[in-house]
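Numbering of the sequence shown is given in my numbering, commencing with residue 14 and proceeding in unit increments.
Please read the structure below before turning to the comments.
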Amino acid sequence: RKHKKKILDFNLQPSSQVFDESGYLHNPSQIFTFLPITYGCDNFCSYCVVPYTTGPQRSKPLRTILKEIEKIIQDGYKEIILLGQNVNSYGLDFGLKNGFEFLLQAIDENFQSSSIWIRFLTSHPKDMRASIVDSIKNSSLITHYFHLPIQSGSDSILAAMNRGYTRDQYLGVIKYIRQTLPDSGIGTDIIVGFPGETEADFLDTLHLVQEVQFDQAFTYIYSPRSGTAADQLPDHLPLAEKKKRLQVLNQNLTDIHQKKLMTWVGKKVQIMIDQIEGLNASGRTTNNQRIFLPNSNFFLGQVITVLVVKSLKGKLYGELVFS
Ligand code: SF4
């Protein structure tokens, strides 16, 4: 993934140091912390080395997670990002089928009186269930943002990637999320130039992107990883072609993003301030949209209401309404 390009604002990418099997990432200069809930991965997507390097999935016991959340709140953090290669399969390794829903409900019951915001990363589309979305709907703490990596819009490429879902199944998940929680933000990851990806496969990805209208996206050029199944596949694409496809995809995503940002203008929304630099501040909504505004003696972690006044060059700007 050398040619990774971050095209939209998203500052929740974990660093490798969080993969310690207990505890959480201490980061006193930030208001958020990453709390790993699973380690390892059983999915063996054909392009990925993670299952070989991290081993099978191990879920952290529920009571450990609850204790750690208690400590995180005591330490003054305002936002927790539950972290796993596939949070939706939390608990499967100890035989719990709907473990992630169970965990979300337990967090909600135990910390309802706190004002902590809970996010989660990453959701594998094949394990995304209606009951997870329903649990989030019933929670006052879990925020409405879903990072669901589609990787490709082509069924044959999805099969070659060993992703375990079809394009239609993915679209069904998105439909359910948007019906149940209409204010949800939806982000994704997409790989272009997977071995054997034809022009028609790539067009399927472009069409899917238009259909879903993602709020955020990370895009990548496929780069072979030694020892993976995809590395053995025929028909690797020339780098120039992969770069061309990436550029086309990014242009599509940027156009969608600009249009989506315009729909925010005129809305009053809550944000939590998480960046202050002199006269400027910014924060994110619960559905992960960043809004910039003049600093008005804010403090990190402060939740304020802003009126979104303009969209400019891929960013939203707001004014304080009241705090
Ligand atoms: S891409 Fe994600 S889900 Fe697939 S094998 Fe790698 S870590 Fe696991």
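For each residue, glycine too, the CB sits at the ideal point set by N, CA and C.
query	result
Inter-residue Cα distance where the pair is His16 and Tyr60	With a pLDDT of 40 at His16, under the threshold of 50, the predicted position of this residue should be treated as unreliable, and no value is reported.
Option nearest Ser126 by Cα separation, candidates Ser152, Lys110, Leu75	Ser152
Backbone secondary structure at Gln283 - three-state DSSP	strand
Buried or exposed by the 16-neighbour rule on C-beta atoms within 10 Å, applied to Val146	buried
Opposing strand residues paired with Lys272 [DSSP bridges]	Bridge partners of Lys272: none, in fact.
Proximity of Thr51 and Ser102 at Cβ, strictly below 9 Å	yes
Residue nearest to Ile269 in terms of C-alpha spacing, selected from Gly108, His160, Gly327	Gly327
Terminal residues of the alpha helix (DSSP H) in which Lys188 lies	180-193
Proximity below 9 Å, CB of Ile304 to CB of Val319	yes
Where Ala242 falls: helix, strand or coil (DSSP)	coil
Beta-ladder partner(s) of Ile93, from DSSP	Thr46, Ile131
Alpha helix (DSSP H) segment containing Lys328, residue limits	Unbroken run through Lys328 is the beta strand (DSSP E), 328-335; no alpha helix (DSSP H).
beta-carbon Val63 near the ligand SF4 non-hydrogen atom, thresh 8 Å	yes
Rounded separation between Leu246 and Lys84 - CA only	47 Å
Nearest-angstrom Cβ-Cβ length linking Ile289 and Leu313, presumed shorter than 8 Å	6 Å
Reduced DSSP secondary structure (H/G/I, E/B, other) of Ile155	strand
Closer than 8 Å: His137 CB and nearest the ligand SF4 heavy atom	yes
beta-carbon Pro69 near the ligand SF4 non-hydrogen atom, thresh 8 Å	no
Check: Asn101 C-beta below 8 Å from any heavy atom of the ligand SF4	no
His220 (DSSP reduced to helix, strand or coil)	helix
Distance between Glu212 and Leu325 (C-alpha atoms, nearest Å)	33 Å
Cβ shell of Asn123 (< 7 Å), same chain only, five flanking positions each side left out	Leu79
Gln98 CB to nearest heavy atom of the ligand SF4 below 8 Å	yes
Coarse secondary structure for Tyr233, derived from DSSP in three states	strand
Which listed residue (Leu194, Asn175, Leu219, Arg191) has its alpha carbon closest to that of Pro208	Asn175
Element boundaries [beta strand (DSSP E), containing Val321]	316-325
Rounded Cβ spacing between Phe47 and Tyr37 (contact assumed at less than 8 Å)	6 Å
Alpha-carbon to alpha-carbon, Leu292 and Ile93	27 Å
Candidates Asp181, Cys58, Val321, Gly108, of which the one nearest Val278 by Cα	Val321
Distance between Lys73 and Ala119 (C-alpha atoms, nearest Å)	14 Å
Span separating the alpha-carbon of Leu105 from that of Gly68	15 Å
Cβ separation of Phe115 and Val100, assumed to be a contact under 8 Å, to the nearest whole Å	The pair is not a contact, with the Cβ atoms about 12 Å apart (cut-off 8 Å).
Nearest-angstrom Cα separation, counted from Asp228 out to Gly53	28 Å
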